[in-house]
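Report on one structure; see the data block that follows.
Residue numbers (the working numbering): 8 to 335.
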């Protein structure tokens, strides 16, 4: 099954240089398939190998990402004109890839794409980074805002199309919650983590990595509920409160290993269950792990049978009779 670019998109990715507006500020810090069926009118084509590598790295980093807006081969509208979503003339390579924004960290992907030697330009949220402008962010003036996906085009030289150089998506370090102070206007993976944590606490925030008004309002409400300074800024105290609020319950204590302690009435654990199974259900009852009166009676019976001190307590002498190594 091919990932075709959605019908209805405006095929404007062929001439990015003509749609670059004024320079804008954009804080990037604030992821081999079989030949596809041939569509009507086209001979064999393929996604540029370096873009297959990019998509694979994105999928490896975010395996559960949304792929609804993914695409690479152009629809009829794209095929009617020149577009990187159409196979080129020399080797039928498709040199454009669209990646759904949901479930990934778009700023990280953009940073890695503009650092890769194969990239010609990237478009996302009405912003374009083009090699012809040194990848300085500028307003993209085309009618398609590219707000549901990010678009990556690579150069048409064989070396660019076939590059096996890693895009660095899988191993790229990203800011984690607590690495820096977050406030209105911050963007990045740590903001996404904050929004995800908020969701676990009942918030209904878009997990988009953009610290906007809704995120700030929720932070203020959370700070007030925890009797913190209500400033909407996520610093060390707020991060600590968030972690405490979402910390999972402490796990049940690990069961004790047989022979690691002395057992008597009132103790419980896996080692008690071992004794109950060893002596047998007829004498101790079902192996519940609780050392009760019936278990004590069963231990006394076993001790008497083995000719050792009959006290109903499973100590070193009784453990050794059970062929258990004493570890205390």
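C-beta: ideal position from N, C-alpha, C; glycine also.
Please read these numbers as outputs of a predicted model, since none were measured by experiment.
* So what does DSSP say about residue 100, is it helix, strand or coil? -> Against the chain shown, residue 100 aligns to sequence position 93. Strand, per DSSP.
* By Cβ distance below 7 Å, which residues in the same chain neighbour residue 110 in space, the five residues on each side in sequence not counted? -> Taking the first residue of the chain shown as position 1, residue 110 is located at position 103. Excluding sequence neighbours, residue 110 sits near 69, 71, 72 and 73.
* **beta-carbon residue 282 near the ligand ATP non-hydrogen atom, thresh 8 Å** => No copy of the ligand ATP occurs in the structure displayed, which carries no ligand at all.
* Could you name the residues of the same chain whose beta carbon sits closer than 8 Å to that of residue 27, not counting the 5 residues immediately before and after it, in chain order? => Within the chain shown, residue 27 is the residue found at index 20, counting from 1. Annotation for residue 27: 135, 137, 140, 145, 146, 147 and 148 place their beta carbon closer than 8 Å to its own, counting only its chain and skipping 5 residues before and after.
* Over the uninterrupted alpha helix (DSSP H) stretch that includes residue 121, give me the two end residues. => On the chain shown, residue 121 is found 114 positions in, with the first residue counted as 1. Taken as a continuous stretch (DSSP letters only), the alpha helix (DSSP H) holding residue 121 covers 113-121.
* Please confirm whether residue 216 and residue 323 have their CB atoms less than 9 Å apart. => Taking the first residue of the chain shown as position 1, residue 216 is located at position 209. Taking the first residue of the chain shown as position 1, residue 323 is located at position 316. Going by C-beta atoms, residue 216 is not nearer than 9 Å to residue 323.
* For residue 185, write down the residues that DSSP places opposite it in a beta bridge. => Mapped onto the chain shown, residue 185 falls at position 178. Residue 185 is not bridged by DSSP to any residue.
* Asked: For residue 62, which option in 52, 51 and 79 has the closest C-alpha, if you only look at C-alpha atoms?
  -> The residue given as residue 62 occupies position 55 in the chain shown. If you compare the alpha carbons of 52, 51 and 79 with that of residue 62, the shortest gap goes to 79.
* To do: Would you tell me roughly how many angstroms separate the C-alpha atoms of residue 187 and residue 195, rounded to the nearest one?
  => Here residue 187 refers to the residue found at position 180 when the chain shown is read from its first residue. Here residue 195 refers to the residue found at position 188 when the chain shown is read from its first residue. Looking at the two C-alpha atoms, the distance is approximately 11 Å.
* residue 129 - containing beta strand (DSSP E), residue span -> To locate residue 129, count along the chain shown from 1; it is residue 122. Note, residue 129: beta strand (DSSP E), 126-131.
* Close Cβ partners of residue 180 (< 8 Å) along its chain, the five nearest in sequence each way excluded -> Your numbering for residue 180 matches position 173 in the chain shown. If we look at residue 180 and ignore the five residues flanking it on each side, it has no Cβ neighbours.
* To do: Specify whether the region 115-130 and the region 153-165 touch according to this definition: at least 3 beta carbon pairs, one from each stretch, less than 8 Å apart.
  => Per the Cβ contact rule, the region 115-130 is in contact with the region 153-165 (3 or more Cβ pairs under 8 Å).
* Below 9 Å between beta carbons: does that hold for residue 101 and residue 60? -> Translated into the one-based positions of the chain shown, residue 101 becomes position 94. Translated into the one-based positions of the chain shown, residue 60 becomes position 53. No, these two residues do not count as a Cβ contact at 9 Å.
* Short check: CB of residue 328 to CB of residue 309, under 9 Å? -> Counting from 1 along the chain shown, the entry for residue 328 is found at position 321. Counting from 1 along the chain shown, the entry for residue 309 is found at position 302. In this structure, residue 309 lies closer than 9 Å to residue 328 by Cβ.
* Three-state secondary structure (DSSP) of residue 235 -> In the chain shown, residue 235 corresponds to position 228, counting from 1. Residue state, collapsed to three classes: coil.
* To do: Identify whether residue 167 lies in helix, strand or coil by the three-state DSSP scheme.
  => Position 160 of the chain shown holds residue 167. If DSSP states are grouped into helix, strand and coil, residue 167 belongs with the helices.
* Note down, in chain order, each residue of its chain lying with its Cβ closer than 7 Å to the Cβ of residue 143, except the 5 sequence neighbours on either side. => Numbered from 1 along the chain shown, position 136 holds the residue referred to as residue 143. Correct list, in chain order: 30.
* So does the region 225-238 actually touch the region 196-210, counting three or more Cβ pairs closer than 8 Å? -> Verdict: yes, contact present.
* Please report the residue range of the alpha helix (DSSP H) in which residue 252 lies. => In the chain shown, the residue the question calls residue 252 occupies position 245. Its alpha helix (DSSP H) spans residues 243-253.
* To do: Identify every residue that forms a DSSP beta bridge with residue 135.
  => In the chain shown, counting from the first residue as 1, residue 135 sits at position 128. Bridge partners of residue 135: 130 and 145.
* Exposed or buried, residue 325, counting other C-beta atoms within 10 Å across all chains shown (16 or more means buried)? -> On the chain shown, residue 325 is found 318 positions in, with the first residue counted as 1. By the 10 Å Cβ count, residue 325 comes out buried.
* Asked: Per DSSP, what kind of secondary structure is residue 49 in: helix, strand or coil?
  -> Counted from its first residue, the chain shown places residue 49 at position 42. Only weak support exists for where residue 49 lies, its pLDDT of 46 falling under 50; the value from the coordinates is given anyway. It is coil, neither helix nor strand.
* Asked: Any idea if residue 119 is buried or exposed, counting beta-carbon neighbours within 10 angstroms, 16 or more meaning buried?
  -> In the chain shown, residue 119 corresponds to position 112, counting from 1. Looking at its Cβ environment, which holds 16 or more other Cβ atoms inside 10 Å, residue 119 is buried.
* With 16 other CB atoms within 10 Å as the buried threshold, where does residue 207 fall? -> Taking the first residue of the chain shown as 1, we reach residue 207 at position 200. Counting Cβ neighbours within 10 Å, residue 207 comes out exposed, since fewer than 16 surround it.
* **Pick from 115, 105 and 189 that is closest to residue 151, judged by C-alpha positions** => Reading the chain shown from its first residue, position 144 is the one you call residue 151. Just measuring C-alpha positions, the residue of 115, 105 and 189 sitting nearest residue 151 is 105.
* To do: Work out the CA separation of residue 294 and residue 67 for me, nearest whole Å.
  => Translated into positions along the chain shown, residue 67 becomes position 60. Translated into positions along the chain shown, residue 294 becomes position 287. Whole-angstrom Cα-Cα distance: 46 Å.
* **Member of 99, 64, 95 and 131 whose CA lies at the smallest distance from the CA of residue 76** => The residue you call residue 76 lines up with position 69 of the chain shown. Answer by Cα proximity: 131.
* Span of the beta strand (DSSP E), counted from its first residue to its last, around residue 160 -> For this step, residue 160 is matched to residue 153 along the chain shown. Residue 160 -> beta strand (DSSP E) spans 156-161.
* Asked: Quick one: Cα of residue 212 to Cα of residue 171, how far?
  -> As a working note, residue 212 is residue 205 in the chain shown. As a working note, residue 171 is residue 164 in the chain shown. Their Cα atoms are separated by approximately 38 Å.
* Just the C-alpha distance for residue 198 and residue 220, rounded to the nearest angstrom, thanks. => Translated into the one-based positions of the chain shown, residue 198 becomes position 191. Translated into the one-based positions of the chain shown, residue 220 becomes position 213. Distance between the alpha carbons of residue 198 and residue 220: 13 Å.
* In whole angstroms, what is the alpha-carbon distance linking residue 303 and residue 314? -> Working through the chain shown from its first residue, we reach residue 303 at position 296. Working through the chain shown from its first residue, we reach residue 314 at position 307. A direct Cα-to-Cα measurement between residue 303 and residue 314 gives close to 16 Å.
* Asked: In terms of DSSP beta bridges, what is residue 106 paired with?
  -> For the purposes of this step, residue 106 is taken as residue 99 along the chain shown, with counting starting at 1. Bridge partners of residue 106 according to DSSP: 157.
* Asked: Is residue 286 near residue 305, with beta carbons less than 9 Å apart?
  -> Residue mapping note: residue 286 aligns to position 279 of the chain shown, counting from 1. Residue mapping note: residue 305 aligns to position 298 of the chain shown, counting from 1. In this structure, residue 286 sits near residue 305, with a CB-CB distance shorter than 9 Å.
* Looking only at C-alpha atoms, which of 307, 321 and 55 sits nearest to residue 168? -> To locate residue 168, count along the chain shown from 1; it is residue 161. Looking at the Cα atoms, 55 is the closest of the given residues.
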